[in-house]
Amino acid sequence: MYWIKKILHALFVSSLVLVTLWACYNGYVWLSSAERLEERSEEETRSVVHWLPEDKFVSFNFSSSRTLAIRLLSNAIFDGQQAFDEPVNYAIEYQLLDQQGQVLVEHVYHHASKLVLAAQEQQVKQIIEDRKALSVASGQSFYVDTSIYPSASQIRLKLIPEEDTLRGVVVRLHAKTPADNDGSQQIWLKLPVEWRDRMLNYHTLGGNALAQWELSNAVSFDWQKLAPQGIPNIDFVSDILYETLPYNVITYDFSAQQLDLDSFYSTKELTATFRVSNSEDLVFSSSAPLSTLRISWHDLKQLSAPKELKAEFVADNLYRIQGIKPGLITVQSSLPALTQWRQGEQPVVPLHSYYYIMSPTTPVTYSVTGNSDIVMDFRNLDTQGSEVNITVYNSEEQPIERYRLELESLISQYDRMITPETQRQVINESQKYFLRLPPSSAKVTISSQNSVAVKLQSRNQNFHYQNVLCDQLCENPLPSFIEIGAWFAQKAINEFTFTELQQILKVRLFEAPPLPVVKETIYVSESLFDRHPISNTALVYSPSSYFEPPQVPSAAHFRKVSDPQKLSVVQQGELKTPKLIAINNQVPKYSEAELNASSLSLVSSGKQGNTRSIYTNTGEARDFIKTRLFKIAQGETLSLRYANRPKPVSIVIKPFLYPVASHNDTALVINTNLFAQYQKGLSEEYTIAAKRYALMPAKNEAYMLHPQSTDVISYPPITIKIGTDIQSLEKFAITAEHDMWITILEEHNAQPLTPLWWQNENT
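Using the working numbering, you'd call the opening residue of the sequence shown number -2 and step up by one each time.
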């Protein structure tokens, strides 16, 4: 038995040694068989990275109480060892979630990555997988500030490749947490030299010495690496990234001059603006003192004058504005300021756009489709005027149309350019020109001998423009009604040339408040008796803009009487037949009489206890209009012909719902279509022919003047502008997708020569 145990023990040890030698040998062969991209003299380091999938999210948990920010480092991966000197675009979609799994914020961060093989320019990184060396592009990074989301405890990532040449993208995540130490100088000297070298390369752009703020940041915070949640190789896939330190991360996240791209920048010359579509409180932080900021609210309907908003102190560098109404917010400052805004849990994100910067040697070329329409958005980058040439080619590269433009140089008070160092600089205003392309069009080339930036958007002539209209600004509340924009951005054929020459301009876009322009046009109502005999009159609240001068109201204008006992009989001469309208709670719901002593005594006596409100067409401040409504049936198309009539400036449709259903949140859907002859060549205006609107109920006061029922729901008006690009207007058609009542107004530059009798009940 003794010798049997000895023999078994010897066999076991021998087998173990053989297995170990076999494994080491195969590992050596596997590593040796992977060809290196380039020989390195420095010490190589290995980092665990995780591949981002395209079809699902990868989740990383972090401490919501200790995490101040999350740094995401990403690298694009390519097959093989070929030189890849062309930038490749990819994007990373990320979401922040709380412990209940609710999404707090989501955003897409775009990158342009490039593989450089020259060792003098950048240390080459690689991943060895399946005995093959995969090329790794330059590192990209961005930060996610989690301090403004105290309940955030998870981040989810997903890849949006945007290019076919990518093998994939790998990421590393680190959470910025405070370190429990004091005395930055003393702690820095106690750190190992290797740690100090690594921190130096992560906190600076190059091999410069640490500045005092960098030194304090390096020892005051720890960067804890985050691990993905789930099962390896099922929920996520890991790999080893071989790299050499020190190396430079090609990004601006670590620059001392970095400005937050999600912040709103304002100075004396630049005003920032954004829209608010609900009444939740606004919370913001500012890099400048609150006393240097001027925050104003603007009514986009221009019924109320702009007013300055007052902010209250909440916490350290955190302020709140209460009592917000939907509208446009403007932010001005006497000193350069960066402000970050949030309404509820949603951050307010600024808008941006990209332009190609043309030069005498780099025109921009677009591929287009015949019978499509394009809009060219120019920004002159010179201090003086610039000239632009536009050429349209057919499929045989033959020019079929040529145009020449003169651009002005007007500094924008709102838009600004973003430099590669994230600095904001003033830029000239946008100048747009529209062009309806002929059927044989295939390519458009735009050139200039000056420095001019351009972007191009296009649309099919028959495409629908689909939008939701509310009485005030609102988010689309209809899940089944998808809004469709009018224009869609196009990428240039030679975009790589502009990317390689770094001639792509990033512009931050802001909306200018509406100007108080007093119109000199008049509105004339359209008579529909011949086609729609079912009609009735309604009393509708329709105030004027706050800046319009007071005008003499007509007999169709009424005012609400707050105290009927103070109402007196009008003297002869002001109106031949002054009227008094009573809206009652009981049948008859509506009554109308001449304003005289008898009707006054009846109203003032108190015997009419069911009287809800009184209106009269005497006195000043008459904001109610007696107008005639015509009934339109569901699916019916109403056509207005303009063949032998003057072309209006615009057509206004005012819809109403009557009788009122049990639910007063019904959305009305209206289709409009213009049939016209459009001018050829460039135009500064563009009229969309086909439109579809979903109208949400408005809160404007309105009454149907009917004895049985006065309840009616008003909806926002639709204004169809007739642009100067229309040579002749043939027909305007309206199709209703619900039973509704409408009144149609035409805006004209001149008063009609013949009086219209129904104007006494219309406006």
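From the three backbone atoms N, C-alpha and C, an ideal C-beta is built for every residue, glycine too. Since the model is a prediction, treat every value here as computed from it, not as a measurement.
- Simplified DSSP state of S392, which is helix, strand or coil: coil
- Message: Just to confirm my understanding: we take V558, look at its own chain, exclude 5 residues before and 5 after, and list those with CB closer than 7 Å. What are they?
- Response: L564, I611, Y612, T613
- Item | Length of the line joining the Cα atoms of E384 and S448 | 10 Å
- Would you tell me roughly how many angstroms separate the C-alpha atoms of P656 and L592, rounded to the nearest one? Taking the straight line from one Cα to the other gives about 29 Å.
- Query: For T380, which residues from the same chain have a beta carbon less than 7 Å from its beta carbon, with the 5 sequence-adjacent residues on both sides left out?
  - Reply: S406
- What's the call for K2, buried or exposed, on a 16-neighbour Cβ count within 10 Å? exposed
- Query: Are L498 and T359 touching if we call contact CB-CB under 8 Å?
  - Reply: yes
- Item | Residue of G678, T663, L679, T684 minimising C-alpha distance to T669 | T684
- What do you reckon, are the CB atoms on M737 and L665 nearer than 8 Å? Yes, these two residues count as a Cβ contact at 8 Å.
- Task: Would you mind giving the Cβ-Cβ distance between L154 and F54, rounded to the nearest angstrom? I have them listed as a contact below 8 Å.
- Result: 6 Å
- Secondary structure at V14, three-state DSSP: helix, strand or coil? helix
- Item | Classification of C21 by the beta-carbon crowding that lies within 10 angstroms, buried from 16 upward | exposed
- Are the stretch 331 to 338 and the stretch 639 to 654 touching, with three or more C-beta to C-beta distances below 8 Å? no
- Task: Go ahead and label T740 buried or exposed: buried means 16 or more other beta carbons lie within 10 angstroms of its beta carbon, across all protein chains shown.
- Result: buried
- Query: DSSP state of A302, grouped into three classes?
  - Reply: coil
- Query: What residues are listed by DSSP as bridge partners for Q674?
  - Reply: S725
- When DSSP labels each residue in this structure, what does F9 get in the three-state scheme? helix
- Alpha carbon to alpha carbon, what distance is there between V85 and S135? 11 Å
- Message: In whole angstroms, give me the CA-to-CA distance for S11 and T17.
- Response: 10 Å
- State the DSSP-derived secondary structure class of K2, mapped to helix, strand or coil. helix
- At least 3 beta-carbon pairs within less than 8 Å: the stretch 261 to 274 vs the stretch 467 to 474: yes
- Contact under 8 Å by Cβ, Q299 with P550: no
- Task: May I have the straight-line CA-CA distance separating E743 from F310, to the nearest angstrom?
- Result: Each residue's alpha carbon lies about 49 Å from the other.
- Query: Counting pairs of beta carbons, one from the stretch 419 to 433 and one from the stretch 315 to 328, are three or more of them closer than 8 Å?
  - Reply: no
- Task: Locate the alpha helix (DSSP H) running through T494, then write down its first and last residues.
- Result: For T494, the uninterrupted alpha helix (DSSP H) segment begins and ends at 492 to 497.
- Message: Quick check: the Cα distance between E617 and H554, rounded to an integer number of angstroms?
- Response: 10 Å
- Message: Using the three-state DSSP reduction, which class does L577 fall into: helix, strand or coil?
- Response: strand
- Note down the Cα distance separating L306 from I408, rounded to an integer number of angstroms. 27 Å
- Can you tell me the Cα-Cα spacing of L156 and D219, whole angstroms? The alpha-carbon atoms of L156 and D219 are separated by roughly 27 Å.
- Query: Can you tell me whether DSSP reads P175 as helix, strand or coil?
  - Reply: Here P175 sits in strand by DSSP.
- Query: Between K440 and A486, what straight-line distance do the alpha-carbon atoms span, to the nearest angstrom?
  - Reply: 15 Å
- Going by DSSP, what residues sit across from M737 in a beta bridge? I629
- Three-way DSSP call (helix, strand, coil) for L223 in this model: coil
- Message: Taking 7 Å as the limit between beta carbons, can you name the residues of its chain near E545, skipping five residues before and five after?
- Response: V515
- Query: With respect to the beta strand (DSSP E) encompassing N368, which residues constitute its N-terminal and C-terminal limits?
  - Reply: Secondary structure note for N368: it is in no beta strand (DSSP E), with a DSSP letter that is neither H nor E.
- Distance between beta carbons of H108 and Y87, contact taken as under 8 Å: 6 Å
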